[in-house]
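To start, the structure itself, in structure tokens.
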Amino acid sequence: MKISTKGRYALRLVIDLAMHADDGFVTLKDIAARQNISKKYLEQIVPMLNRSGILKTNRGYQGGYKLARSPESCTVGEILMVTEGNLAPVSCLENEVNECPRAGECMTLFIWEELHKRTTDYLNSITVKDVIDRANNNNDYVI
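The structure is reproduced here in structure tokens:
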């Protein structure tokens, strides 16, 4: 499994929106500038996040984007699943039912199933709020 640029940028976009939630609807131009990501690239990611119910869109004057849900209810796993499609480490685990003709005799299947389970559980255990909280805690100075 390798997370693409699309998945990483989608995560940065959602985190940016969460951090600027008090600003109301935020433009892609502002996000692109803060995150050093091409606005055109963000325009490709936004529809996926919008369809999934992660984002809200407002057109026209004071238009832009904001989170449709709280940062506590958006997980890293969900965002990556929306943009990456599937996080399975091997192709035979991409579907709900393993249709591989060798599944019954595959000696290594348990390895890939457990890797997939642990990865998915881990990513689904981290919320956008957790990411922001951790970043804020690492920026604290202690005397």
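The end of the sequence shown is residue 146 by this note's numbering, with every number in the run present.
Ideal placement from N, C-alpha and C gives every residue a C-beta, glycine not left out.
Under the criterion of beta carbons closer than 8 Å, I82 and A13 qualify as touching, at roughly 5 Å. Annotation for K32: K42 place their beta carbon closer than 7 Å to its own, counting only its chain and skipping 5 residues before and after. A Cβ-Cβ contact shorter than 7 Å links D19 with R37. At the C-beta level, P74 and A138 stay beyond 7 Å of one another. With a cutoff of 7 Å on beta-carbon distance, I129 and V79 are scored as near each other. Fully enclosed alpha helix (DSSP H) runs of no fewer than 4 residues occupy 79-87 of the region 43-93, in order along the chain. Shortest Cα-Cα distance from V93 to any of T122, A35, N61 involves T122. The shortest C-alpha to C-alpha distance from E46 to any of G63, V85, L96, L16 is the one to L16.
The C-beta of V131 has 16 or more other C-beta atoms within 10 Å across all chains shown, which makes the residue buried.
Less than 7 Å separates the beta-carbon of N101 from that of C95. Note that the C-beta distance between L58 and Y44 is not below 7 Å. The residue among K120, T8, G27 with its C-alpha nearest the C-alpha of L90 is K120. Annotation: the continuous alpha helix (DSSP H) that includes I34 extends over 31-38.
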